[in-house]
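Note that full-length UniProt numbering gives residue 540 to position 540 of the sequence shown, counting from 1, and the numbers run on in steps of one.
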Amino acid sequence: MNVEGLGLSINQPKLCPSATWNSEAITFADSNTIGTQPYSISIDINNIIYIAEGNLNRVQVWQNGNSTPIRNISNGLNTPQAVFSSINGDIYVDNSKPNRQVDRWTVNATNGTRVMNISDACYGLFIDINNYLYCSIDSAHQVIKQSLDNDTLSVAAGTSTGGNKANQLNHPRGIFVDINLNVYVADSGNARIQLFTPGQSNATTVVGTGTSGTFTLNQPVAVILDSDGYLFIADFGNNCIIRSGRSGFYCLFGCTYHSGTASNQLNNPQSLSFDSYGNLYIADSGNHRIQKFILATNSCDVSYNLPKLCSNATWNPDAITVPHSTSIGLHPQGLFVNNNNTVYLSATALNTILVSLEGNTSLQTYISSDLSGPGAIFVTVNGTVYVHNGGNNGSIYKWANNGAAGSALAMFVNGTCNGIFVDIQDNIYCSVRHRHIVTKKLSNNSANTTTTIAGNGTAGSGPYMLRIPRGIFVDVGLNLYIADCGNNRVQLLQQGYTNMTTVVGNGSNETITFSCPSSVVLDADGYLFIADYNNQRIIGSNANGYRCIVGCTNANGSASNQLSQPWSLSFDSYGNIFVNDFGNSRVQKFLFI
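This is the structure we're talking about:
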C-alpha cells in the first residue's frame with residue numbers, strides 16, 4: 001500500500017510484523033555505474049529509482065525493472081548529497097558545493113532551476129503533502145522548510161546550535177515527514193531519531209540515546225516509514241539497518257555490526273528507500289554500491305496464537321480435561337496449539353506425537369516413527385513439526401508436510417531441549433537445560449552450525465547467565481523470552497544485545513515470586529503468561545502488572561481448579577489456555593470467559 005492519494009511520492013509498503021527479506025542482497029549497481037560516492041537513493045511510487053552520485057557530480061535515473069539508466073542529470077551539479085522526487089516527477093537535488101542551493105529538474109529539463117537557497121549541504125530532502133520542501137543542514141544543526149508555492153523559508157527543527165536538548169539537533173541527516181506532518185530526523189551526532197510533531201519545537205526521542213530499553217544507535221543517517229508508521233533506519237556507524245515493530249526495535253540487515261563486502265554485509269549505509277513491492281534498496285556507500293534486499297515473505301500469519309485480550313480478562317478456574325493418562329501416557333512433555341486450533345502433544349512415554357483437530361475431544365496418533373521419548377514441540381505455518389527426540393542423543397527432528405515426508409535431523413544440541421521455537425526468519429531455538437544455554441540454528445542450513453545466543457554454559461544468575469532454562473518464546477521483533485527455571489525468573493534477550501534483562505521474578509522490580517517458571521508465551525500486546533511449575537499455577541500480566549490466572553491456591557492437586565507441576569501452556573485463537581499438567585498426566589483447557 002502506498003499513499004499516493006495523499007500526496008506523498010515515496011513508497012510506504014504494507015508490511016506484516018512477520019515480514020522477512022532475503023538476507024543475501026543483490027547488487028543493483030556498483031562503482032562501475034555509480035562511482036565511489038552513492039550518497040542518496042530515492043524511489044518514487046512508479047518505482048523510478050534516483051541515485052545521487054557525489055564524486056561523479058550527477059544523479060542517474062532508472063526505470064522500473066531496467067538495469068540501464070534512462071537519464072543522467074549533471075549539468076551544473078557539484079557533489080550532490082541528496083535527491084528526492086515529487087509526486088509529479090520533478091526531481092529535487094542538493095547542489096550546495098559551492099552553489100549553496102537546491103535545484104529542481106522537471107521531467108524533460110536539461111538544466112536545473114534554483115528553488116531553495118541554503119547555507120550548506122542538504123543531507124536530507126523531503127516534500128510533504130502540503131508541497132513544502134524540507135532540507136536537513138548538517139553543519140547548521142537544523143532542518144529548514146520552504147513552500148514550493150512561494151519563497152517563504154522557516155525552521156522546521158533545531159536551533160542552529162548543536163546540542164542534545166529536546167529542541168536541538170547535532171548534525172542532522174535523513175528526514176521523513178508523514179501524512180500528519182510529523183517530522184522524523186536522523187539526529188546523527190546525538191545517535192538518536194527525533195520526532196517533531198506539528199507546531200512543536202521540542203522533539204520526542206523515538207529510539208537511541210535518551211531512551212531506555214530501545215536500540216543503541218551509532219550515527220543514524222536515514223529514516224523512512226512503512227504504511228503503519230514503523231521505522232527503518234540506516235545506522236551508518238553500526239553498518240546495519242534497524243527496523244521497528246510491535247515489540248520494539250531490532251536489527252534487519254548487517255547484524256554483525258561489522259563492515260564487510262559480502263552480500264549480507266554493509267559498510268556505512270547512507271540512505272535507503274522502498275520500492276512498491278516492499279524490496280529495500282540501500283546506498284551502501286562504503287562499498288560503493290546499491291544493495292537490493294528482496295522481500296521474501298509478507299504473510300501476516302504466525303503458527304501460534306496471539307489473542308487480543310482486555311486488561312481485565314478472566315478464565316474459568318475449573319478446567320476441562322482434554323485427554324487423561326489413559327490416552328496420553330504418563331508425564332507428557334510437549335504441547336503446542338497452532339493457529340487452526342489443532343492441538344499437538346508429545347506423549348513422551350508412548351514415543352508418539354498425538355494430535356486433536358479443533359472441535360475434536362479425542363487425540364489421535366500423528367507421528368510415531370523415529371521417535372524416542374519426544375519432548376518439546378513446535379509447529380510452523382507450513383505444518384512442519386519440530387520435536388526434541390529425547391532418546392536420540394539430544395537431537396531435534398522435523399517432519400515436513402504434516403509428517404508425510406518422514407523425519408529429518410533439524411538440529412543436534414548435545415543435551416535436552418526443554419523449549420523449542422522457530423522464529424519468523426526460520427531460525428530454530430533450543431533451550432538446553434543442563435548446559436544452561438539457548439542455541440539457535442538456521443532452519444535451512446544443512447550443516448549443524450549452531451550459535452549460543454543466551455547463557456555461557458555455566459549455571460549462574462548474572463545478566464549473561466542461565467540456570468536450567470526451560471520454555472522459550474521469540475516475538476516477531478526477534479526478542480527472546482526465557483523461562484529461567486533455576487533462577488526463578490523470566491529473562492529477556494533483546495535482538496542485538498548480549499546481556500539479558502529480568503522481566504519478572506528474582507532480580508526484577510515486580511513483587512510476584514516464582515518457583516521454577518517452566519514456560520512463557522505472549523499475547524497480542526506483548527503481555528506475558530507463565531507456567532509456574534513448583535507453585536502449581538499460571539501467571540499472567542497486563543497493564544497493571546502480574547497476577548495469578550488459574551491454580552491460585554498454589555496447592556498441588558488433581559481437582560479441575562488445580563494443577564500439578566504445569567510444564568507448558570499454549571493459547572488457542574479464542575484465548576482459551578491449554579496447560580500441559582505434567583504431574584497429573586493430562587492436558588487442561590481453561591476457557592476464556
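We put the CB at the ideal spot given by N, CA and C, even for glycine.
Note on geometry: alpha-carbon atoms of A157 and N180 lie some 16 angstroms from one another.
The DSSP assignment places complete beta strand (DSSP E) segments of no fewer than 3 residues inside the stretch 465-489 at 469-474 and 480-484, in order along the chain. By the CB criterion at 9 angstroms, D149 and I137 fall outside the cutoff. Shown here, L56 sits in a helix according to DSSP, grouped into three states. For S31, the enclosing alpha helix (DSSP H) stretches over residues S31 to I34. A residue is called buried when at least 16 other Cβ atoms come within 10 angstroms of its Cβ; C310 does not meet this threshold and is exposed. In its chain, beyond the 5 residues on either side, N75 have a beta carbon closer than 8 angstroms to the beta carbon of T110. Distance from the Cα of N239 is smallest, within the candidate group V221, N506 and S227, for V221. Counting only runs of 3 or more residues that sit fully inside the stretch 343-367, the beta strand (DSSP E) segments are 343-347, 352-356 and 364-367, in chain order. In the same chain as N340, and ignoring 5 residues on each side of it, the C-beta atoms closer than 7 angstroms to its own belong to E358, in chain order.
Shown here, N544 sits in coil according to DSSP, grouped into three states, outside any helix or strand. Secondary-structure assignment with DSSP links G278 through no beta bridge to anything.
Excluding residues up to 5 positions away in sequence, T502 lie with their Cβ nearer than 6 angstroms to the Cβ of S508 in the same chain.
Y123 carries a strand assignment under DSSP once its states are collapsed to helix, strand and coil. For Q146, the uninterrupted beta strand (DSSP E) segment begins and ends at Q142 to S147.
Counting C-beta atoms within 10 angstroms of its own C-beta, D44 has 16 or more neighbours from the protein chains shown and is therefore classed as buried.
In this structure A234 does not touch S259 by the C-beta definition: roughly 13 angstroms separates them, more than the 8 angstroms allowed. For G89, the secondary structure class from DSSP, reduced to helix, strand or coil, is coil. The alpha carbon of G496 has as its nearest neighbour, out of I241, L354, E510 and F274, the alpha carbon of I241. DSSP places F249 inside the beta strand (DSSP E), whose first and last residues are G248 to F253. Y429 places its beta carbon 9 angstroms or farther from that of V385. With the rule of 3 Cβ pairs closer than 8 angstroms, the stretch 296-313 counts as touching the stretch 370-384. T439 is bridged by DSSP to C430 and T452.
In this model, I424 and S560 are separated by some 36 angstroms (Cα to Cα). The beta-bridge partner set that DSSP reports for L77 is empty. Following the DSSP letters along the chain, one finds Y132 inside the beta strand (DSSP E) bounded by residues Y132 to I137.
A319 and K589 have their C-alpha atoms some 5 angstroms from each other. The criterion of a C-beta distance shorter than 9 angstroms is not satisfied by G583 and V520.
S568 is a Cβ neighbour of A376, given a cutoff of 9 angstroms. Going by beta carbons, A25 and Q291 fall inside the 9 angstroms limit.
Contact between the stretch 205-212 and the stretch 140-149 is not established, with fewer than three Cβ pairs separated by less than 8 angstroms. In the three-state reduction of the DSSP assignment, N509 falls in the coil class, being assigned neither a helical nor a strand state. In the structure shown, I328 adopts helical secondary structure according to DSSP, grouped into three states. In this structure, the CA atom of N499 is about 7 angstroms from the CA atom of L493. Excluding the 5 residues flanking it on each side, S244 has same chain C-beta neighbours closer than 6 angstroms at Y230 and L231, in chain order.
With 16 or more other Cβ atoms inside 10 Å of its own Cβ, P269 counts as buried.
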